[in-house]
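Visitor:
Chains as they are written, first to last, in our numbering: chain E, 788 to 1095; chain X, 139 to 430.
Structural data, given as C-alpha cells:
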C-alpha cells in the first residue's frame, strides 16, 4: 500500500524535509554531545582547563582507570555508589512490582468506587518529582515530620530518628521511590489483566482449580511479557535515579547514600573534574547496556524453552 | 448456603478494607502537604523538645493562609513560575510541531533509513541523562564564548534542551496514532487537489487532535518537572519551579510552610493538564510500556 505513494528516493523529498528538524534537534542534543562526552572522558578537563577544554591534554583511559580503581578516593566512592544503586534498585523494583501487582489484582475486582480508585492511584505517578520528594523529605524530618511521631508514640524507636543523614538516608529514599513508583506498575499490570480471556478462568474452575492455582497457571504466565518489559524499564530508570536522591538528600548525600548520578554531578560540577565525571557516566552507560543485553538474552532463552 | 454467603460478606469487607488502605497510603503525603501549608511558622519549627506537648499533628493547631500569602517572600516563587511557564510552553510548541512532522513522515513514507531512525530514537531513551549533561554544559559554554550567543541560563537553551528530550517519546507516540488514520484519507485529499502539507494540516491534523494534545501535554509537563538539567543549566534568568522550590530549605533554616504552599501551587498546572487528558495519556503510557 505504501508503494502507491512513491518508490524512488527522490519522491520522498517531502519525508526528508519533514523529518529533518527532528533529526537535527536530536543530532545536536543527543548524538553530538555523546561523542563530545567520549572526547571529554579521555581528556583532562577540569577547573583549570575547562575554559579552553577543546585543547585539554589527552590522558587516554586514565579517567576510566580512576573510576575503576578502588584504591583511589574517587574509585572507592564510585564502587560504593554502584553498590548503593544496586541495593536501591533491587528493593525499589521488587517492592514496586509486588505492590503494583497486588493493587492491580485488587482493582481488577468488581466493587463500588472502582473507577475512582483507578484515578486515585494515578496521583503519585503524575505528581511532579520536585513536589513528591520534597513532601517526603518533610515527612522524614526528625522533629517536625509526621513519621517519627508515630514511631516514637508506638515505642518502636526511643526518640526521634534523623532519617535523611547517614545510613538510613538510602532507605528513606527507597520508601519515597516505592510510593512514587508502584502506581505505574499497577496501571500497566491492570491493563494486562483485563486482556486475559475470562473463559480460561471458567474452564479452570470447572476443572476444580483453586483460585491460587488459577493465579499461578493463568494470571502469572499471561502477565509475563508485560512484566519483562516493565522490569527492564524499571532497571534502566532506577539505575539512573537522580531526582529522589538530589531532592531528598541534597548535593552531598554522604557516602552511605551516594549513587552514580549524584556522584557524577558532584565530581563534575562541585569538584570540576569534568573528565572523570564523563568517564563515570560512560561506565554507567556501559553497565546499563550490559544489563539490557543479558536480560534480553536470558529472556529469549526461557521464551525459547517454553515453546519447546 | 448461609455459611457461603457470610463468607462472601466477609470477603467484601476485606476487599473494601484493602481498598481503603491503598487509598490512605496514596493520600497520606498529600494530607501532610496540605496540613503543612496551613500551619503557622511556630508550629513548623517547634517540637515537644522546645515547646512541651507540641507534637507534629495532621490538623494544624491554628490554620492560617499566611504561607500562601508569603509564598513569594523568601523565595521568588512567582518568578520561577513565570520562567517555568515560558520554558514549558515553548517546549510544548516546538516539540509538538517537530514531532508531528517527523511522525507524519515516519507513518506515511517508506523512505530509506526509516527503521534505523526509529530504533535510534528509541535507543536515546535508555541512555542515562547524566551522560549528556557534562558535554552540554561545556558545549553551551563554548558556544557562548565563541559566538557571544548565550545558551546557558537562557530560555532558548532550555527550550532547545527539553524539546530534544521530549522528541523521542512524542515521535513514537504520534507515529502510532497516525498509523491508525487510514492512508486513503490523505490520498483522497491529494486527488482532490490538496498539497501534501495542506492534506496534513486540514485533513489529518483534526483527526489526530487527541494524539497531538497528549504529546503537547507530555512535553509541557516534561519541561515543568525536569530537575537534573535545570539544576545545572538554569540560573538567575531562567530558574524553574522544579529546582527553585528547594530554595525554601537553606543552611540557616527551612520554611516548610512556604515550601508546601509552593508545592500545591506548582502542582496545579500539571493536575489540570492530566485531568483534561487523562484517558489519552494513560492509553499512551500503557501502550508505550507494553509494546516496548
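All C-beta atoms, glycine included, are put in the ideal place defined by N, C-alpha and C. Small disclaimer: the values here were computed from a predicted structure and weren't measured.
For residue 1001 (chain E), go through chain X and note every residue whose CB falls closer than 9 Å to its CB, in chain order.
Guide: Along the first chain, read from residue 1 onward, the residue named residue 1001 (chain E) stands at position 214. When 9 Å is used as the limit between beta carbons, residue 1001 (chain E) is near no residue of chain X, the shortest such separation being about 16 Å.
Visitor: Below 6 Å CB to CB, which residues in the same chain sit around residue 949 (chain E) once its five sequence neighbours on both sides are set aside?
Guide: By one-based count along the first chain, residue 949 (chain E) stands at place 162. Taking C-beta separations shorter than 6 Å and ignoring five residues to either side along the sequence, the partners of residue 949 (chain E) in its chain run 929, following chain order.
Visitor: So, for residue 920 (chain E): in the same chain, excluding its five sequence neighbours on each side, which residues have a beta-carbon less than 7 Å away from its beta-carbon?
Guide: Stepping through the first chain from its first residue, residue 920 (chain E) is reached at position 133. So the list reads 963, 1030, 1031, 1034 and 1035, once near-sequence residues are dropped.
Visitor: Tell me which same chain residues have a C-beta within less than 6 Å of the C-beta of residue 317 (chain X), skipping the five on either side of it?
Guide: Here the question's residue 317 (chain X) lines up with position 179 in the second chain. 245, listed in sequence order.
Visitor: Does DSSP put residue 852 (chain E) in a helix, in a strand, or in coil?
Guide: Mapped onto the first chain, residue 852 (chain E) falls at position 65. In this structure, residue 852 (chain E) counts as helix in the three-state DSSP scheme.
Visitor: Between which two residues does the alpha helix (DSSP H) carrying residue 324 (chain X) extend?
Guide: Against the second chain, residue 324 (chain X) aligns to sequence position 186. Residues 321-329.
Visitor: Using a cut-off of 8 Å between C-beta atoms, extract the partners of residue 363 (chain X) located in chain E.
Guide: By 1-based counting over the second chain, the position of residue 363 (chain X) is 225. Here the neighbours are 915, 916 and 917.
Visitor: Please state the DSSP three-state secondary structure of residue 376 (chain X).
Guide: Sequence index remark: in the second chain, residue 376 (chain X) carries index 238 (1-based). It is coil, neither helix nor strand.
Visitor: Using the C-alpha atoms, what's the distance from residue 936 (chain E) back to residue 1042 (chain E)?
Guide: Taking the first residue of the first chain as 1, we reach residue 1042 (chain E) at position 255. Taking the first residue of the first chain as 1, we reach residue 936 (chain E) at position 149. The alpha-carbon atoms of residue 1042 (chain E) and residue 936 (chain E) are separated by roughly 28 Å.
Visitor: Straight-line CA distance for residue 294 (chain X) to residue 227 (chain X)?
Guide: Sequence index remark: in the second chain, residue 294 (chain X) carries index 156 (1-based). Sequence index remark: in the second chain, residue 227 (chain X) carries index 89 (1-based). Going by the C-alpha atoms only, they are around 12 Å apart.
Visitor: Determine whether the Cβ of residue 428 (chain X) lies closer than 8 Å to any Cβ atom of chain E.
Guide: The count along the second chain starts at 1 and reaches residue 428 (chain X) at position 290. Residue confidence for residue 428 (chain X) is low, a pLDDT of 46 falling below 50, so the modelled location carries little weight; the figure read from the coordinates is stated next. So, interface residue.
Visitor: What residues are listed by DSSP as bridge partners for residue 845 (chain E)?
Guide: Position 58 of the first chain, counting from 1, holds the residue named residue 845 (chain E). Residue 845 (chain E) pairs with E:830.
Visitor: Looking at the unbroken alpha helix (DSSP H) that takes in residue 989 (chain E), where does it start and where does it end?
Guide: On the first chain, position 202 is the one that residue 989 (chain E) refers to. Element bounds for residue 989 (chain E): 985-993.
Visitor: Is it buried or exposed, residue 1004 (chain E), if we count other Cβ atoms within 10 angstroms and call 16 or more buried?
Guide: Working through the first chain from its first residue, we reach residue 1004 (chain E) at position 217. Under this definition residue 1004 (chain E) is an exposed residue.
Visitor: Candidates E:944, E:895, E:1045 and E:1018: which alpha carbon is nearest residue 983 (chain E)'s?
Guide: Counting from 1 along the first chain, the entry for residue 983 (chain E) is found at position 196. The shortest Cα separation from residue 983 (chain E) among E:944, E:895, E:1045 and E:1018 belongs to E:895.
Visitor: Could you give the first and the last residue of the continuous alpha helix (DSSP H) run that contains residue 754 (chain E)?
Guide: Nothing can be reported for residue 754 (chain E), as the shown portion of chain E is limited to 788 through 1095.
Visitor: Contact criterion: CB-CB distance below 8 Å. Does residue 936 (chain E) meet it with respect to chain X?
Guide: On the first chain, position 149 is the one that residue 936 (chain E) refers to. Chain X contact via Cβ: present.
Visitor: So what does residue 387 (chain X) bridge to, in DSSP terms?
Guide: Taking the first residue of the second chain as position 1, residue 387 (chain X) is located at position 249. DSSP output for residue 387 (chain X) lists X:392 as bridge partner(s).
Visitor: Could you tell me which chain E residues have their CB closer than 7 Å to the CB of residue 200 (chain X), listed as they occur along the chain?
Guide: The residue labelled residue 200 (chain X) in the question sits at position 62 within the second chain. Within chain E, no residue comes near residue 200 (chain X); the closest Cβ sits about 16 Å away, beyond 7 Å.
Visitor: Could you please tell me which residues of the region 404-417 of chain X, in chain order, have their CB closer than 8 Å to any CB of chain E?
Guide: 404, 405, 408, 409, 412 and 416
Visitor: Along chain E, which residues have their Cβ under 7 Å away from the Cβ of residue 193 (chain X)?
Guide: Within the second chain, numbered from 1, the residue matching residue 193 (chain X) stands at position 55. Within chain E, the residues near residue 193 (chain X) are 936.
Visitor: Determine whether the beta carbon atoms of residue 911 (chain E) and residue 966 (chain E) lie at a separation below 8 Å.
Guide: Residue 911 (chain E) sits at position 124 when you count from the first residue of the first chain. Residue 966 (chain E) sits at position 179 when you count from the first residue of the first chain. Yes, the pair counts as a contact, with Cβ atoms nearer than the cut-off.
Visitor: Express the C-alpha separation of residue 1010 (chain E) and residue 314 (chain X) in angstroms, rounding to a whole number.
Guide: Stepping through the second chain from its first residue, residue 314 (chain X) is reached at position 176. Stepping through the first chain from its first residue, residue 1010 (chain E) is reached at position 223. Whole-angstrom Cα-Cα distance: 23 Å.
Visitor: Have a look at residue 429 (chain X) and residue 1019 (chain E) and give me their C-alpha separation to the nearest angstrom.
Guide: The residue you call residue 429 (chain X) lines up with position 291 of the second chain. The residue you call residue 1019 (chain E) lines up with position 232 of the first chain. Below a pLDDT of 50, predicted positions are generally treated as unreliable, and residue 429 (chain X), at 44, falls in that range; the measurement from the model is reported next regardless. Rounded to the nearest angstrom, the two C-alpha atoms are 13 Å apart.
Visitor: Identify the contact partners of residue 305 (chain X) in chain E, using a Cβ-Cβ distance below 8 Å as the criterion.
Guide: As a working note, residue 305 (chain X) is residue 167 in the second chain. Within chain E, the residues near residue 305 (chain X) are 809, 812 and 813.
Visitor: Strictly below 7 Å CB to CB, what residues from chain A border residue 334 (chain X)?
Guide: The question asks about chain A, but that chain is absent: this structure's protein chains are E and X.
Visitor: For residue 841 (chain E), decide whether its Cβ has a neighbour in chain X, counting only Cβ atoms nearer than 8 Å.
Guide: To locate residue 841 (chain E), count along the first chain from 1; it is residue 54. Yes, contact with chain X.
Visitor: Secondary structure at residue 1027 (chain E), three-state DSSP: helix, strand or coil?
Guide: As a first step, residue 1027 (chain E) is located in the first chain; it is residue number 240 there, counting from the start. Correct three-state label for residue 1027 (chain E): coil.
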